Structures are given as structure tokens and as C-alpha cells.
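Trainee: What follows is a structure written as C-alpha cells; I'll ask about it next.
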Amino acid sequence: MSESELQWLDLYVEGDTHPRRFDKPESVRAYLTKVERLGEEGISTLLGAGEVSPPLTRRRYWLELLTVPTPPERTA
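Quick note: the sequence shown, position 65, residue 65 per full-length UniProt numbering, numbers continuous.
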């Protein structure tokens, strides 16, 4: 990743077409713990392998890395 790019983690959940976007794995972990109420084994598997599904979790979850260019700085 260069300084002119931003990286995001898009979390997809089975049955939901809109990803949740996070800036770092710690943010994904917090969301999965508090909102999705996943156990540590499911979270660790998802963060390590990029995907987790039943029987470890109720639904399938997967992560995709999104890299976008940063906008150029504005000059006044």
C-alpha cells in the first residue's frame, strides 16, 4: 500500500447485500463481538482466514480488502 492509497476491510454477512466497512481488524473484532455477538473462535477464524461459516457461526461471514486512491490535496 502506498501513501496515496487507503485500505478498508469490507465485512459481508450472509443475507445482507451491503458490506460494513472498517479501517482496521480491531474495529471488525469490536463490531463482531458487540453487534453480531460472535464467539472468539469465530472471530479469530474470520480474521485469520477471511471467512467463517456454520457450524462455527450462525451465518456465513467474509472479509474483502478494498484499496482506494486518496483524493489529491486541494490547493487554495
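Beta carbons are placed, not taken as given, at the ideal position from N, Cα and C, and that holds for glycine.
Computed from a prediction, not measured in an experiment: that's the story for all the values here.
Grab the span of the alpha helix (DSSP H) containing V28 for me, first residue to last.
Mentor: That run of the alpha helix (DSSP H) goes P25 to K34.
Trainee: Judging by CA-CA distance, which residue of P55, P71 and G42 is the nearest neighbour of residue 77?
Mentor: This structure leaves residue 77 out entirely; the chain is present only between 1 and 76.
Trainee: Beta-carbon within less than 7 Å of P69's beta-carbon, same chain only, minus the 5 sequence neighbours each way: which residues are those?
Mentor: Excluding positions up to five away in sequence, the list reads S4 and E5.
Trainee: Spell out the partners DSSP gives R21 in its beta bridges.
Mentor: D10.
Trainee: On the criterion of 16 or more Cβ atoms from any shown chain inside 10 Å, does residue 77 qualify as buried, or is it exposed?
Mentor: Residue 77 lies beyond the stretch modelled for the chain, which goes from 1 to 76, so this question has no answer here.
Trainee: So, Y61 versus L46, is the Cβ gap smaller than 9 Å?
Mentor: A contact, by the Cβ cut-off of 9 Å.
Trainee: Determine the DSSP secondary structure at L56, reduced to helix, strand or coil.
Mentor: Coil at L56, not helix or strand.
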